[in-house]
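Q: Residue numbers for the sequence shown follow our numbering, beginning at 7 and rising by one. Dropping the structure in here first, questions after.
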Amino acid sequence: MNPEATELLLAGAQELGLDVAPVLDQFAALLVLLQEGNARFNLTALKTERDIVLKHFVDSLTCLGGGHLDGNHQVVDLGTGAGFPTLPLALMRAELQFTPVDSTRKKVEFVRATAEALGLQNVRPVAGRAETLTRQPEHRDRYDRVVVRAVAALPILAELALPFLRPGGLLVAQKGPISPEELRAGQRAAGELGGRVTEVEAFTLPVLGDARTLVVVEKLRDTPDRYPRREGVPNQQPLF
Ligand code: SAM
């Protein structure tokens, strides 16, 4: 990692109250693996070291804000893509057990190989769509947390994520700015699915200052069996 990118990673994380120095070598290795993976599979639009560090690494670490992931939790990363936010979070928090999920097999294989190369024991990727995985007993009502970054609007996320959670579990959605309409629709969807929006925290991304929002939804009771609807329907016909 070049000196500017290293400095930005240290400074960006520090703004979040995090010290990445103990795992700096692994972040540097992740950067190389991502660039190599990109050359082969076109995994992410971000190509420069500066962009990857700020918009993938530091941006992913903002999910730790508010302490919602503190503890020994089983965590699904819904729509992990090339491994975000899972890989940066797993480097920082060995006590969290991650199940990154994505419908695109080549991305899941990349995350699996990358986690292995980084020596991460706490990442167990799964290929499949959320609508189908949450119909399987090993994935339904099982997890303590779902994290999600850049996947869909809040009502869609609620339908895809809440079935993974046990009652008492939390969906932690890291998003850009959220409109009042999306929030209202998300609140209604959360209610329909057995949850409640408990927190909406606006903040800015370290160094860049881009607007972000952390939305937390608590699952209060079992999600009705009719949800999620079949593959593709939550996206095509959001509940609200
Ligand atoms: N979370 C990553 C990030 O922040 O870089 C990737 C975001 S990418 C824009 C969205 C990802 O969600 C894609 O890789 C897509 O395959 C996955 N995805 C979308 N809907 C899904 C579903 N219903 N089940 C599983 N994965 C899904």
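Here a beta-carbon is modelled for each residue, glycine too, at the ideal position from N, C-alpha and C.
In the DSSP assignment, find the beta strand (DSSP E) that holds residue 190 and state where it starts and stops.
A: Against the sequence shown, residue 190 aligns to sequence position 184. Run containing residue 190: none in the beta strand (DSSP E); it sits in the alpha helix (DSSP H), 186–198.
Q: Does the beta-carbon of residue 105, which I'm using as the reference point, lie nearer than 8 Å to any heavy atom of the ligand SAM?
A: Within the sequence shown, numbered from 1, the residue matching residue 105 stands at position 99. Checking the Cβ of residue 105 against the ligand SAM gives no.
Q: Output needed for residue 183: all residues of its chain with C-beta closer than 7 Å, excluding positions within five of it in sequence on either side, in chain order.
A: Here residue 183 refers to the residue found at position 177 of the sequence shown. Same-chain partners within the cutoff: 217, 219.
Q: How would you label residue 66, buried or exposed, when you count the other beta carbons within 10 angstroms and need 16 or more for buried?
A: Residue mapping note: residue 66 aligns to position 60 of the sequence shown, counting from 1. Its Cβ being crowded by 16 or more others within 10 Å, residue 66 is buried.
Q: Do the region 73–85 and the region 163–173 touch if we need at least three Cβ pairs shorter than 8 Å?
A: The region 73–85 is in contact with the region 163–173.
Q: Among 28, 135, 112, 93, which has the Cα closest to the Cα of residue 104?
A: Taking the sequence shown and counting its residues from 1, the one referred to as residue 104 is at position 98. Considering only alpha carbons, the answer is 93.
Q: Look at residue 171 and residue 177 and say whether their C-beta atoms are less than 9 Å apart.
A: The count along the sequence shown starts at 1 and reaches residue 171 at position 165. The count along the sequence shown starts at 1 and reaches residue 177 at position 171. A contact, by the Cβ cut-off of 9 Å.
Q: What did DSSP end up calling residue 207 once you bin it into helix, strand or coil?
A: For the purposes of this step, residue 207 is taken as residue 201 along the sequence shown, with counting starting at 1. Residue state, collapsed to three classes: strand.
Q: Between the alpha carbons of residue 34 and residue 55, how many angstroms are there, rounded?
A: Position 28 of the sequence shown, counted from the first residue, corresponds to residue 34. Position 49 of the sequence shown, counted from the first residue, corresponds to residue 55. Taking the straight line joining both Cα atoms gives about 10 Å.
Q: Which residues bound the beta strand (DSSP E) around residue 105?
A: Working through the sequence shown from its first residue, we reach residue 105 at position 99. Counting along the chain, the beta strand (DSSP E) containing residue 105 begins and ends at 103–108.
Q: So what does DSSP say about residue 26, is it helix, strand or coil?
A: As a first step, residue 26 is located in the sequence shown; it is residue number 20 there, counting from the start. Coil.
Q: In this structure, does DSSP put residue 150 in helix, strand or coil?
A: Residue mapping note: residue 150 aligns to position 144 of the sequence shown, counting from 1. Strand, per DSSP.
Q: The ligand SAM and residue 62: does any heavy atom of the ligand fall closer than 8 Å to the residue's C-beta?
A: Reading the sequence shown from its first residue, position 56 is the one you call residue 62. Yes, since a heavy atom of the ligand SAM falls inside the 8 Å radius drawn around the Cβ of residue 62.
Q: Which of helix, strand or coil does DSSP assign to residue 144?
A: Locating residue 144 in the sequence shown gives position 138, counting from the first residue. Residue state, collapsed to three classes: coil.
Q: Would you check if the region 136–154 and the region 199–217 touch, i.e. whether three or more CB-CB distances between them fall below 8 Å?
A: Result no; under three Cβ-Cβ pairs closer than 8 Å.
Q: Tell me the residue span of the beta strand (DSSP E) that contains residue 219.
A: Along the sequence shown, one-based indexing puts residue 219 at 213. Counting along the chain, the beta strand (DSSP E) containing residue 219 begins and ends at 217–225.
Q: If we call anything under 9 Å between Cβ atoms a contact, is residue 64 one with residue 86?
A: By 1-based counting over the sequence shown, the position of residue 64 is 58. By 1-based counting over the sequence shown, the position of residue 86 is 80. Cβ atoms of residue 64 and residue 86: not closer than 9 Å.
Q: From the DSSP secondary-structure annotation, give me the bridge partner or partners of residue 83.
A: Here residue 83 is taken as the residue at index 77 of the sequence shown, counted from 1. Partner(s): 106, 153.
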